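Residue numbers (this note's numbering): 182 to 475.
Glycine is no exception: its CB is placed at the ideal position from the N, C-alpha and C atoms.
These figures come from a predicted structure and were not determined experimentally.
Below is one structure, written out as structure tokens, with a few remarks after it.
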């Protein structure tokens, strides 16, 4: 009997030949290892996502949620590399490669390049302490090495910051010497209002206190310490500067100040409190004093 011009018994002999059987078993084993690796990675990724989603679903603290958003990707990355390492080890072992000399050689090679990879080691060590000490998390607004923006990603080696113009800055962790975190625990709004010299300062302070107090009542969920009017803090060329201070939860400083500006403008207009503007005073022979707005 023939199939495509080839005798069937010849095909059977070829398929059952020792080399073919050996290669076939190896191919099956290698395929199984690779498939198992991908399956393990998929299950591990889903498990980590579900674990953090379940753990954070009942949390009300933004800081804890940010912490979870920082740790989860790093944990998945670590698991992925472990699975890859184990998979490569099993593949090499399956095809008959003695991994002992490779591991020993890798150790010597790592020692040799270690002197030339000090910056890499420095980045990894710094990244570990950034995460361990909870210096900042994904979503925090920070200033790092003169760059201000929102943390988009933290890895063992680098930190990614997106500034207000949309530019993504990538900073090696080992290069970070000073960090200012504006999203840690609480924020403080030190808001200054300018009033014209012709205004009644005491009345202006009273209106400012009432306006800020009403706003704090409306924003009570985000207020840690209500607004304090600290008084007149400076005398400018055409204005008197009054400062307020409010302690808020993180992430609400800008919104609070925007709303406060809007309410102050409305109340000052209703109470005839003048916000200063620049003036040009002109002296001439015909008129002793004249003033013109610019």
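Item checked: Distance between beta carbons of residue 354 and residue 338, contact taken as under 8 Å -> 6 Å
Check: Can the beta-carbon of residue 210 be found less than 9 Å from the beta-carbon of residue 314?
Finding: no
Check: So the beta strand (DSSP E) residue 429 belongs to, where does it begin and stop?
Finding: 421 to 429
Check: Beta-carbon separation of residue 312 and residue 357 under 9 Å?
Finding: no
Notebook entry, point to check: Does DSSP put residue 259 in a helix, a strand or coil?
Noted result: helix
Item checked: Euclidean distance between Cα positions of residue 227 and residue 300 -> 34 Å
Next item on the list: Return the CA-CA distance between residue 262 and residue 427, expressed in angstroms with no decimal places.
Entry: 47 Å
Check: Counting Cβ pairs, one atom from each stretch, are 3 or more of them under 8 Å apart for the segment 439 to 454 and the segment 335 to 349?
Finding: no
Check: Does DSSP classify residue 227 as helix, strand or coil?
Finding: helix
Checklist line | Supposed close pair residue 457, residue 375 - CB separation, criterion 8 Å | finding: 5 Å
Margin query: Per the DSSP calculation, residue 372 is bridged to which residue(s)?
Written below: 425
Next item on the list: Please classify residue 254: does DSSP put it in a helix, a strand, or coil?
Entry: helix
Item checked: residue 471 - DSSP class collapsed to helix/strand/coil -> For residue 471, the pLDDT reaches just 49, beneath the cut-off of 50, and the residue's location in the model is therefore unreliable, although a value from the coordinates is still provided. DSSP places residue 471 in strand when its eight states are reduced to three.
Item checked: Three-state secondary structure assigned by DSSP to residue 326 -> coil
Check: Under the three-state reduction of DSSP, which class applies to residue 308: helix, strand or coil?
Finding: helix
Next item on the list: Per DSSP, which residues does residue 457 bridge with? Please list them.
Entry: In DSSP, residue 457 forms no bridge with anything.
Margin query: For residue 212 and residue 270, what's the separation of their Cα atoms in angstroms?
Written below: 14 Å
Next item on the list: Could you tell me which of 403, 310, 459 and 415 sits nearest to residue 434, measuring between CA atoms?
Entry: 403
Check: Among 395, 351, 367 and 392, which one has its Cα closest to the Cα of residue 304?
Finding: 351
Check: If we call anything under 9 Å between Cβ atoms a contact, is residue 321 one with residue 367?
Finding: no
Check: Taking just the CA atoms, how far does residue 306 sit from residue 416?
Finding: 50 Å
Note to self: Am I right that residue 392 and residue 448 are in contact with their C-beta atoms under 8 Å? What's the rounded C-beta distance?
What the structure shows: 5 Å
Note to self: Nearer than 8 Å: is that true of the beta carbon of residue 228 relative to any heavy atom of the ligand NAP?
What the structure shows: In terms of ligand content, the structure shown is empty, and the ligand NAP therefore cannot be addressed.
Margin query: Among 329, 330 and 334, whose alpha-carbon lies nearest the alpha-carbon of residue 308?
Written below: 334
Checklist line | Beta carbon of residue 324 nearer than 9 Å to that of residue 380 | finding: no
Notebook entry, point to check: To which residues does DSSP link residue 416 through a beta bridge?
Noted result: 421
Note to self: What does the alpha-carbon distance come out to for the pair residue 432 and residue 277?
What the structure shows: 58 Å
Check: Is it buried or exposed for residue 400, if we count other Cβ within 10 angstroms and need 16 for buried?
Finding: buried
Checklist line | Among 206, 255 and 264, the one whose alpha carbon lies nearest that of residue 218 | finding: 264
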